[in-house]
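**Student:** For what it's worth, my numbering labels the leading residue of the sequence shown as 96, then goes sequentially.
Structure incoming, see below.
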Amino acid sequence: ITRDGLSTESGKVKEIGNGGLSGSPVRDRSTEIIRYIHEKTAGKLPIIGVGGIMNPEDAIEKIKAGASLVQVYTGFIYEGPSLVRRINRKILRSS
96 ITRDGLSTES GKVKEIGNGG LSGSPVRDRS TEIIRYIHEK TAGKLPIIGV
146 GGIMNPEDAI EKIKAGASLV QVYTGFIYEG PSLVRRINRK ILRSS
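And the structure:
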């Protein structure tokens, strides 16, 4: 996953090495991969959408890309457990 657009100084990013990215920096790429897998498998595989889900709109984006389920982690840490309720409500209203 590219590290373009991070606010951390590039020398520090190189020092850290691969891995360690979560939350918003991985959102767009994660959605691209979900869409790719969904298209290549004709929707026949369950896909768990994860990566950068910080609000209900991010969860809906993953579902529209082909995710069967969504998983939150960083968003849960920063937004708290009410994020799950907000996501569920948004999904129900969107249906």
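Every residue, glycine too, gets a C-beta built ideally from N, C-alpha and C.
Who pairs with L187 in a beta bridge, going by DSSP?
**Tutor:** In the DSSP output, where bridge partners are listed per residue, L187 has none listed.
**Student:** Is the beta carbon of P151 less than 8 Å from the beta carbon of I182?
**Tutor:** Yes, they are a contact pair.
**Student:** Do you know how far the Cα of S189 is from the Cα of Y131?
**Tutor:** Cα-Cα distance, rounded: 23 Å.
**Student:** Between P120 and G147, what straight-line distance do the alpha-carbon atoms span, to the nearest angstrom?
**Tutor:** Cα to Cα, the separation comes out at about 7 Å.
**Student:** Exposed or buried, what is L164 when buried is set at 16 or more other beta-carbons lying within 10 Å of its beta-carbon?
**Tutor:** Exposed is the call here.
**Student:** Helix, strand or coil for I143 per DSSP?
**Tutor:** In the structure shown, I143 sits in a strand (DSSP, three-state: E or B).
**Student:** Report the rounded CA-to-CA distance for T136 versus T169, giving the unit in angstroms.
**Tutor:** Approximately 28 Å, taken between the alpha carbons.
**Student:** Could you give the DSSP three-state label for V165: helix, strand or coil?
**Tutor:** Strand at V165.
**Student:** For L140, count neighbouring Cβ atoms within 10 angstroms of its own Cβ and tell me buried if that reaches 16, exposed if not.
**Tutor:** So L140 counts as exposed.
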